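See below for the structure under consideration.
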Amino acid sequence: MNTSLLAAPADMPGIADFGKDPIGIVILKAVVIFVVLMLGVLFGVWFERKLISRMQNRYGPNRAGKFGIIQSVADGLKMGLKEDLMPRTVDKVIYFIAPVVLATPAFIAFSVIPMGPKVSIFGTVTPLQLTDLPVAVLLVLAMASIGVYGIVLAGWGSRSPYAMLGGLRASAQVVSYEIAMGLSFVGVFLYAGTLSTSEIVAAQAQGNTITLGGLDIPMPSWYMVLLIPSFLIYIITMLGETNRVPFDLPEGEGELVGGFQTEYSNSLKFAVIMLAEYVNVFVVSAVSITLFMGGWRAPAPISTFWPEANTGWWPLLWFFLKMVLLFSFFVWARASLPRVRYDQLMALGWKILIPLNLGWIMLVATVRAMQLEGTDRTAVMIIASVIVVGAFAIWWRFDSVLQKRREARAAQIEAEFRQLGEDPQAGGFPVPPLDLPHYHGATAAHQVRANKTAEVPSGSN
15 MNTSLLAAPA
25 DMPGIADFGK
35 DPIGIVILKA
45 VVIFVVLMLG
55 VLFGVWFERK
65 LISRMQNRYG
75 PNRAGKFGII
85 QSVADGLKMG
95 LKEDLMPRTV
105 DKVIYFIAPV
115 VLATPAFIAF
125 SVIPMGPKVS
135 IFGTVTPLQL
145 TDLPVAVLLV
155 LAMASIGVYG
165 IVLAGWGSRS
175 PYAMLGGLRA
185 SAQVVSYEIA
195 MGLSFVGVFL
205 YAGTLSTSEI
215 VAAQAQGNTI
225 TLGGLDIPMP
235 SWYMVLLIPS
245 FLIYIITMLG
255 ETNRVPFDLP
265 EGEGELVGGF
275 QTEYSNSLKF
285 AVIMLAEYVN
295 VFVVSAVSIT
305 LFMGGWRAPA
315 PISTFWPEAN
325 TGWWPLLWFF
335 LKMVLLFSFF
345 VWARASLPRV
355 RYDQLMALGW
365 KILIPLNLGW
375 IMLVATVRAM
385 QLEGTDRTAV
395 MIIASVIVVG
405 AFAIWWRFDS
415 VLQKRREARA
425 AQIEAEFRQL
435 GEDPQAGGFP
445 VPPLDLPHYH
455 GATAAHQVRA
465 NKTAEVPSGS
475 N
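Positions 15 to 475 (my numbering) are the ones given, in order, by the sequence shown.
Below, the structure written as C-alpha cells:
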C-alpha cells in the first residue's frame, strides 16, 4: 500500500501570500464580504421560509415581489422603522451593546475564510480571502466564544427572569458544544499539519492513491470522507453552536417566552440579533466547507474532467453551491426535528460527543504517527480496525449494562405505582398527609356534607 501526492496548483494561496495587498484592496475585500453577508441574510431568510413551506406543503412568502423575493426587504424595513420600546428596568448600556457584541464577532470570523485562489483585482494578484493567520481556525473558535457574550449580556441587561434563564442556557450550551467542536478539528490539524485555513484547503487538494493487489485505487482527499467521525460530530455541534433547532434552547418560546431576546421589541435591535444568527450560520457552514469539504475547490468529478474549474473566478461558484447545500441542511433540520429537552442537550454534549471525540483523536493520532514514521500501511489498517472493534465492544458492554439498569428502574417504578393503587399511603409522605374527606372518595365527601347540613339549626338563615 502506498500513497502518491499530487502537486498543488500554482495559484493555490498560502499563508505567505497575505499581508502584501495595498490598503485599497484590503478595504475593498472587507466591504465586499460585509455586503455579501448582509445580502446573504436577506436571501437566507427568504430561502428558509420558502423551503420550509414546501416541506410543510405550503406556499410561503408569495406577495412581496416575484415569488415573495423582497419579503425579507420589507421585513427589514418594518423592523428598522418600528417604534423601539424599552422596559424601564433594563440596564441601558448593556441592553444596547448586547446585539452589537453578538453580531460583530460573526463578521470578523468570516475574514479568514478562503473563497477562491489567487486572482487579479485591478491589476493586483491577490487571494480571494481577506486575511489568514497561522492559527486562523482558533480565531474562528475565539469569535464564536465572544459571540455568546452578546446572548448572556442580552439576558442580563434585560433584567427579566425569562431573558436571564435564556442567557444562562446559552452560556452552558456553548461551553458544552464548543469543546466538542474544537476537538472535532484536531484530526484535521493532524493530517493537514497546520491551523491556517488556506493551507488546510491546499492540503485537501493533494489527492492520494492506495495500491491493493497491484491496483491503484484513487482516494478522496476531502477530510469529510477521510475523517468522517470528526465531520459528523462537527455537523451536530454547529447546530448547537448557532442555537438552531433542535438545540435552540436559549430562545425556547415554550418555556421561556422568547428566551434572551424576550425584552427586545420587534425593532432594529431585534433585527440585529436575527442578523447575527444567520451570519453565524454562514460562518459555521463556511468553516465546514473549508475544513472538511475541500474548501472552494470543485468536487472530484468536475476537477478531474475540467482542470480549469479550480482557477480564476469559478471557485466562487463551487463555494456558493456548498454554502447553499449546508444552509439547506439547517432548514431541513428545523423542519424535521423537534426541540430536545435541556438535560438531553447537556447529556449529548458531555456524555457522548466529547468522549467519542477523545477516543477518535487517539485513533487518528496513532494512525497518523505510524504513517509519518513509515510503518507498513497494512499494519496501520489492522491496528486501526482492532481499536475500532475494541471500542465498539466496550460501548456495547456499557450500553447493555445501562439498558438492564433502565429496565430494572422501570420495573421498580411500575411496582411502586401498583402499590400506591392498592394503598394510597404506601411509602410514606415527606410531610404528614392531609386527611381531607375527598381523599377518601366521593361517598365520604357526601357524608361530611350531609352531617354539616344536619347540624345547621332549622330556623337559621
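Each residue gets a CB set at the ideal place from its N, CA and C atoms; glycine is no exception.
What you are looking at is a predicted structure, and each value in this text was computed from that prediction instead of being measured.
Taking the alpha carbon of residue i as the point to measure from, which residue in the options has its own alpha carbon closest?
i: Ile242; options: Gly273, Ser281 and Val200; result: Val200
i: Thr251; options: Tyr356, Met195 and Leu209; result: Met195
i: Val297; options: Ala88, Ser67, Trp60 and Ser125; result: Ser125
i: Ala405; options: Leu386, Glu421, Leu370 and Ala422; result: Leu370
i: Gly33; options: Val139, Asn324 and Phe121; result: Val139
i: Trp327; options: Val133, Gly38 and Lys43; result: Val133
i: Val345; options: Trp60, Val50, Pro36 and Asp35; result: Trp60
i: Leu204; options: Met384, Ile427 and Gln417; result: Met384
i: Thr325; options: Ala219, Leu372, Leu56 and Phe284; result: Ala219
i: Leu209; options: Leu179, Val188, Val149 and Lys418; result: Val149
i: Asp35; options: Ala290, Ala393, Gly137 and Leu246; result: Gly137
i: Val338; options: Met360, Ala361, Ser299 and Glu322; result: Ser299
Mind checking whether residue i and residue j have CB atoms under 9 Å apart?
i: Ala112; j: Ala186; result: no
i: Ile368; j: Leu116; result: no
i: Pro101; j: Ser174; result: yes
i: Val295; j: Arg258; result: yes
i: Phe412; j: Gly130; result: no
i: Ala177; j: Gly272; result: yes
i: Val301; j: Val154; result: yes
i: Gly58; j: Phe274; result: no
i: Thr380; j: Ile396; result: no
i: Val378; j: Ser244; result: yes
i: Phe306; j: Tyr248; result: yes
i: Ser317; j: Lys96; result: no
i: Leu51; j: Ile135; result: no
i: Leu56; j: Val104; result: no
Quick check on the burial criterion: 16 or more other C-beta atoms within 10 angstroms. Buried or exposed for residue i?
i: Met238; result: buried
i: Glu277; result: buried
i: Ile29; result: buried
i: Arg423; result: exposed
i: Lys106; result: exposed
i: Leu197; result: buried
i: Lys365; result: exposed
i: Tyr109; result: buried
i: Pro315; result: exposed
i: Gly336; result: In the sequence as displayed, the identity of residue 336 is Lys instead of Gly. So Lys336 ends up on the buried side.
i: Trp170; result: buried
i: Glu436; result: exposed
i: Asp357; result: exposed
i: Tyr292; result: buried
i: Ala217; result: buried
For residue i, which residues in the same chain have their Cβ closer than 8 Å to its Cβ, ignoring the five residues on either side in sequence?
i: Pro128; result: Pro27, Pro141, Leu142, Gln143, Asp146, Thr211, Ser212, Val215, Thr304, Gly309 and Trp310
i: Pro260; result: Leu253, Ala347, Leu351, Pro352, Arg353 and Val354
i: Trp320; result: Ala312
i: Asp89; result: Val59
i: Ile47; result: Phe121, Phe124, Ser125 and Leu144
Please return the same chain residues whose Cβ sits closer than 6 Å to the Cβ of residue i, not counting the five positions on each side in sequence.
i: Val403; result: none
i: Trp477; result: The structure shown does not extend to residue 477, since the chain is modelled only from 15 through 475, so no value can be given for it.
i: Ile84; result: Ala78
i: Gly164; result: Ala112, Val115 and Leu116
i: Ala184; result: Val162, Ile165 and Pro264
i: Asp31; result: Pro141
i: Ser474; result: Since pLDDT at Ser474 reaches only 49, below the 50 mark, its modelled position is unreliable, and no value is offered.
i: Arg382; result: Leu204
i: Gly74; result: Arg63, Lys64 and Ser67
Is residue i near the ligand NAD, with its Cβ less than 8 Å from a heavy atom?
i: Gly94; result: With respect to the ligand NAD, the structure offers nothing, as it holds no ligand at all.
For residue i, collect the residues of the same chain with a Cβ closer than 7 Å to its Cβ; drop the 5 residues on either side in sequence, then sort them by chain order.
i: Leu282; result: Met93, Gly94 and Asp98
i: Tyr191; result: Thr251, Gly254, Glu255 and Gly363
i: Asp262; result: Arg353
i: Gly54; result: Phe296
i: Gln70; result: Ala349
- Query: So does the stretch 63–80 actually touch the stretch 158–173, counting three or more Cβ pairs closer than 8 Å?
  - Reply: No, the stretch 63–80 is not in contact with the stretch 158–173.
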